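Q: Chains A and B, in that order, give the protein sequences. Just so you know, we're using our numbering here: the first sequence kicks off at 1 and counts up by one. Just so you know, we're using our numbering here: the second sequence kicks off at 1 and counts up by one. The beta-carbon is built from N, C-alpha and C at its ideal position, and this holds for glycine as well. Since this is a predicted model, take the numbers as computed values, not measurements.
2 protein chains.
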Amino acid sequence: METRIFRGEHRVDGVDPGDRGLAYGDGLFETMRVHRGGIPWLGAHLQRLQRGAQRLGIILPDDALLRAEIAAVCADRDVAVAKLIVTRGTGGRGYAPPPHSEPTWVLSLHEAPAAVQAVDVVWCDTTFADQPALAGIKHCNRLEQVLARREVVAAHADEGLVCDVAGNVISATSANLFVRDGDGWLTPKLDRSGVAGICRDWLLHHAQVRETVLNRAAVQRSSAIFLCNAVRGILPVRRLDAREWPASAEVRDLQRQLADAHPGLA
Amino acid sequence: METRIFRGEHRVDGVDPGDRGLAYGDGLFETMRVHRGGIPWLGAHLQRLQRGAQRLGIILPDDALLRAEIAAVCADRDVAVAKLIVTRGTGGRGYAPPPHSEPTWVLSLHEAPAAVQAVDVVWCDTTFADQPALAGIKHCNRLEQVLARREVVAAHADEGLVCDVAGNVISATSANLFVRDGDGWLTPKLDRSGVAGICRDWLLHHAQVRETVLNRAAVQRSSAIFLCNAVRGILPVRRLDAREWPASAEVRDLQRQLADAHPGLA
């Protein structure tokens, strides 16, 4: 699929083998749904990127150029996934960021995953570490997710739920978690680990949701569960370990509400 | 400086922009002292690489080829630093490792850092997260070290000591820590975070050292402290925050012992 690579404001042929993204995962990324030549949540993606860049002290590429290149890559696509990686750039040997560095950014297009009615989920043994300095942002240190995802593949499941070391549920490997509670929804707090997803953020603003600390038992006994992310929208959970859930009217309502606001996420 | 890039057994011109090292820090690295055309601790470096590869399920390049390329790169160098990065290779979008992947490996030569008599050290506010699944190995998820190192630079210090969330001291940003205790030495346990250094390992086998849990107060009141790594050998600590230490005969003895065994680390 199409890939464009840049150093600062200039398009380049390849990634420098001394790039800090490769050396240390010293970068950020966004994975975005493409719909009819555009990205429904582009503003939210770029805002999260900005938050991450501030946290890590990474300089972002020029905003207008970034938007123009994203628009150019998506222009002819009806349905696809666009991925943007921004690293701190090239930086010699050693952890200290160079005093002046131009970001490296890689923009790539991928096929959208097939739509599914619901997903089967397992509990992962891999935990997400407590690290408030990195929590919430979408940085490129993702070995925990890679290890957890290996468990999901081994279990022939669609996704896996991951807890922190204290046993509190954080999220799926690449999606946020919502569980039904009374008339509303609960979703785990992400101040110590996890990624604050764009679809999660939309739901926090458009549905009755409370952020909380959530243990495994509370998830397992909930009357409805779904996962969500900015590529696949809202994904009802059909099975979690031994328990199965019937299709939920409340989840369907949220899916409809999301589809009305963003037809690309229907 | 010289850089060689490989995919599996083949030398290639560049790093694939879809490499999982760049996307997720899904790789391992070794930073090695070059001395008179060879690497004093090559065997130990390759053993740690092997341990990391087993932990992460990464396939390593052919051992004979790897050794031959390392030897070729170092052949004419009297003093230098060789860095090896091995990633899981290219792997599309998504955390799941591809079922079959060839490792990407990048071998580069760098100037050795200038020798110093002793180092000035500060306490970092950045913490290392508890993550037993990643502790000890030298993987490429190093944002914590990057953040800690930014503090060291801001403080105009040579190095910084980093604690875990419980306040126990783990290591410096790119070196292990040893503190004097009675007739021997203490060094932090690294079963929950940190990198098990090659020089640290040598000291565990050749000096009177006990691995333990170490808090800040114990470090601050110790009669002698040093840092160590495989590039710079043993580095006496002269200052830590407000306290200064005179040159220590016990540290000098260890430096001599190391220099006798490995003249490259003198």
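What did DSSP end up calling A196 of chain A once you bin it into helix, strand or coil?
A: Translated into positions along the first sequence, residue 196 of chain A becomes position 196. In this structure, A196 of chain A counts as coil in the three-state DSSP scheme.
Q: In chain order, which continuous runs of the alpha helix (DSSP H) of length 4 or greater are located wholly inside the region 11-53 of chain B?
A: Fully enclosed alpha helix (DSSP H) runs of 4 or longer: 20-24.
Q: Should P103 of chain A and P61 of chain A be called a contact, given that it needs their Cβ atoms to be closer than 7 angstroms?
A: Here the question's residue 103 of chain A lines up with position 103 in the first sequence. Here the question's residue 61 of chain A lines up with position 61 in the first sequence. Closer than 7 angstroms, so yes.
Q: In whole angstroms, give me the CA-to-CA distance for V152 of chain A and G160 of chain A.
A: Numbered from its first residue, the first sequence carries residue 152 of chain A at position 152. Numbered from its first residue, the first sequence carries residue 160 of chain A at position 160. Using only the alpha carbons, I get a separation of about 6 angstroms.
Q: Are the beta-carbon atoms of A80 of chain B and A112 of chain B separated by less than 7 angstroms?
A: Along the second sequence, read from residue 1 onward, the residue named residue 80 of chain B stands at position 80. Along the second sequence, read from residue 1 onward, the residue named residue 112 of chain B stands at position 112. Their beta carbons are under 7 angstroms apart, which means A80 of chain B touches A112 of chain B by this criterion.
Q: So H139 of chain A and L28 of chain A are supposed to be a Cβ contact under 8 angstroms. How far apart are they, rounded?
A: In the first sequence, residue 139 of chain A corresponds to position 139, counting from 1. In the first sequence, residue 28 of chain A corresponds to position 28, counting from 1. Yes, they are in contact, since the Cβ atoms of H139 of chain A and L28 of chain A sit about 6 angstroms apart, within 8 angstroms.
Q: Tell me whether L66 of chain A sits in a helix, a strand or coil according to DSSP, three-state version.
A: Walking along the first sequence from the start, residue 66 of chain A turns up at place 66. Of the three classes helix, strand and coil, the one that applies to L66 of chain A here is helix, per DSSP.
Q: Any beta carbon from chain B within less than 7 angstroms of N176 of chain A's own beta carbon?
A: Position 176 of the first sequence, counted from the start, is the residue given in the question as residue 176 of chain A. No, no contact with chain B.
Q: CA-CA distance, I70 of chain B and H10 of chain B?
A: Working through the second sequence from its first residue, we reach residue 70 of chain B at position 70. Working through the second sequence from its first residue, we reach residue 10 of chain B at position 10. So the two alpha carbons sit approximately 15 angstroms from each other.
Q: Thinking C-alpha only, which one of A:L254, A:N229 and A:V219 is nearest W245 of chain A?
A: Taking the first residue of the first sequence as position 1, residue 245 of chain A is located at position 245. Residue A:V219 is the option with its Cα nearest to W245 of chain A.
Q: When you compare the CB positions of A44 of chain B and I234 of chain B, do they come within less than 7 angstroms of one another, or not?
A: Locating residue 44 of chain B in the second sequence gives position 44, where the first residue counts as 1. Locating residue 234 of chain B in the second sequence gives position 234, where the first residue counts as 1. No, these two residues do not count as a Cβ contact at 7 angstroms.
Q: Note down, in chain order, every chain A residue with its Cβ under 9 angstroms from the Cβ of C228 of chain B.
A: Position 228 of the second sequence, counted from the first residue, corresponds to residue 228 of chain B. Near C228 of chain B there are no residues of chain A at all, since even the closest Cβ is about 16 angstroms away, more than 9 angstroms.
Q: I want to know whether the region 37-51 of chain B touches the region 127-137 of chain A - three or more CB-CB distances under 8 angstroms.
A: Touching, no, given that fewer than three Cβ pairs across the two stretches are closer than 8 angstroms.
Q: Verify the CB distance criterion: does A133 of chain A have a CB-CB separation below 7 angstroms to chain B?
A: Working through the first sequence from its first residue, we reach residue 133 of chain A at position 133. Closer than 7 angstroms to some Cβ of chain B, the Cβ of A133 of chain A qualifies, so yes.
Q: For the alpha helix (DSSP H) holding D253 of chain B, just list the boundary residues, first then last.
A: By 1-based counting over the second sequence, the position of residue 253 of chain B is 253. From DSSP, the alpha helix (DSSP H) with D253 of chain B extends over A249 to A261.
Q: Whole angstroms is fine: what's the gap from A154 of chain A's alpha carbon to C124 of chain A's?
A: For the purposes of this step, residue 154 of chain A is taken as residue 154 along the first sequence, with counting starting at 1. For the purposes of this step, residue 124 of chain A is taken as residue 124 along the first sequence, with counting starting at 1. About 11 angstroms.
Q: Which residue from A:S171, A:F178, A:D158 and A:R7 puts its Cα closest to that of I59 of chain A?
A: On the first sequence, position 59 is the one that residue 59 of chain A refers to. When only C-alpha atoms are compared, the closest one is A:R7.
Q: Taking 7 angstroms as the cut-off, decide whether the C-beta atoms of T90 of chain B and D26 of chain B are in contact.
A: Position 90 of the second sequence holds residue 90 of chain B. Position 26 of the second sequence holds residue 26 of chain B. No, they are not a contact pair.
Q: Do V162 of chain A and A148 of chain A have their C-beta atoms closer together than 7 angstroms?
A: On the first sequence, position 162 is the one that residue 162 of chain A refers to. On the first sequence, position 148 is the one that residue 148 of chain A refers to. Yes, Cβ-Cβ distance for V162 of chain A and A148 of chain A is below 7 angstroms.
Q: Beta carbons nearer than 9 angstroms to chain A: which residues of the region 92-114 of chain B have them?
A: Listed by position along the chain: G92, R93, G94, Y95, A96, P97, P99, T104, V106, S108, H110, E111 and P113.
Q: Who does W245 of chain A pair with in a DSSP beta bridge?
A: Here the question's residue 245 of chain A lines up with position 245 in the first sequence. Beta-bridge pairing links W245 of chain A to no other residue.
Q: May I ask you to report which of helix, strand or coil DSSP gives C140 of chain B?
A: To locate residue 140 of chain B, count along the second sequence from 1; it is residue 140. Reduced to three states, the DSSP call for C140 of chain B is coil.
Q: Going by C-alpha distance, which of A:P99, A:S248 and A:V231 is nearest R239 of chain A?
A: If you number the first sequence from 1, residue 239 of chain A lands on position 239. Among A:P99, A:S248 and A:V231, the Cα nearest to that of R239 of chain A is on A:S248.
Q: Nearest CA to the CA of V251 of chain B: which residue from B:A261, B:P263, B:G184 and B:D241?
A: If you number the second sequence from 1, residue 251 of chain B lands on position 251. Cα-wise, what sits closest to V251 of chain B is B:G184.
Q: Kindly list, in the order they appear in chain B, the residues whose Cβ is closer than 8 angstroms to that of N215 of chain A.
A: Here residue 215 of chain A refers to the residue found at position 215 when the first sequence is read from its first residue. In chain order: nothing, as chain B lies at least about 19 angstroms away.
Q: Determine the closest residue to A261 of chain B out of B:A207, B:G167 and B:P236, with distance taken between C-alpha atoms.
A: Residue numbering aside, residue 261 of chain B sits at position 261 when the second sequence is read from its first letter. The residue with the shortest Cα to Cα distance from A261 of chain B is B:A207.
Q: Would V15 of chain A and V15 of chain B qualify as a contact pair, given that the criterion is a beta-carbon distance under 7 angstroms?
A: Taking the first sequence and counting its residues from 1, one reaches residue 15 of chain A at position 15. Taking the second sequence and counting its residues from 1, one reaches residue 15 of chain B at position 15. Yes, the Cβ-Cβ distance between V15 of chain A and V15 of chain B is below 7 angstroms.
Q: Following the continuous alpha helix (DSSP H) through R88 of chain B, name the residue where it begins and the one where it ends.
A: Within the second sequence, the letter at position 88 stands for residue 88 of chain B. It is not in any alpha helix (DSSP H) - R88 of chain B carries neither H nor E in the DSSP assignment.
Q: Starting from A269 of chain B, follow its DSSP beta bridges and name the residues at the other end.
A: Examination of residue 269 of chain B is not possible in this model, given that chain B is present from 1 through 266 alone.
Q: I'd like to confirm the pairing. Which residues does DSSP put opposite P188 of chain B in its beta bridges?
A: As a first step, residue 188 of chain B must be located in the second sequence, where it is residue number 188. Per DSSP, B:T212.
Q: Whole-angstrom Cβ separation of L143 of chain B and L143 of chain A, contact assumed at under 8 angstroms?
A: Taking the second sequence and counting its residues from 1, the one referred to as residue 143 of chain B is at position 143. Taking the first sequence and counting its residues from 1, the one referred to as residue 143 of chain A is at position 143. That belief does not hold up - the Cβ atoms of L143 of chain B and L143 of chain A are roughly 11 angstroms apart, past 8 angstroms.
Q: Drop a sphere of 10 angstroms on the beta-carbon of N215 of chain A, count the other beta-carbons inside from all chains shown, and report buried for 16 or more, exposed for fewer.
A: By one-based count along the first sequence, residue 215 of chain A stands at place 215. With fewer than 16 Cβ atoms within 10 Å of its Cβ, N215 of chain A is classed as exposed.
Q: Within its chain, find whatever has a CB closer than 6 angstroms to the CB of I170 of chain B; leave out the 5 residues flanking it on each side and keep chain order.
A: The residue you call residue 170 of chain B lines up with position 170 of the second sequence. Around I170 of chain B: F128, V162, D164, P188, S193 and G194.
Q: Since V179 of chain A and L186 of chain A are thought to touch, with beta carbons under 8 angstroms apart, how far apart are those beta carbons, to the nearest angstrom?
A: Within the first sequence, numbered from 1, the residue matching residue 179 of chain A stands at position 179. Within the first sequence, numbered from 1, the residue matching residue 186 of chain A stands at position 186. Rounded, the Cβ-Cβ distance is 5 angstroms, consistent with contact.
Q: Check this for me: beta carbons of V73 of chain B and L107 of chain B, under 7 angstroms apart or not?
A: Locating residue 73 of chain B in the second sequence gives position 73, where the first residue counts as 1. Locating residue 107 of chain B in the second sequence gives position 107, where the first residue counts as 1. Yes. Within cutoff.
Q: Can you look up G264 of chain A in the DSSP assignment and give me helix, strand or coil?
A: Within the first sequence, numbered from 1, the residue matching residue 264 of chain A stands at position 264. If DSSP states are grouped into helix, strand and coil, G264 of chain A belongs with the helices.
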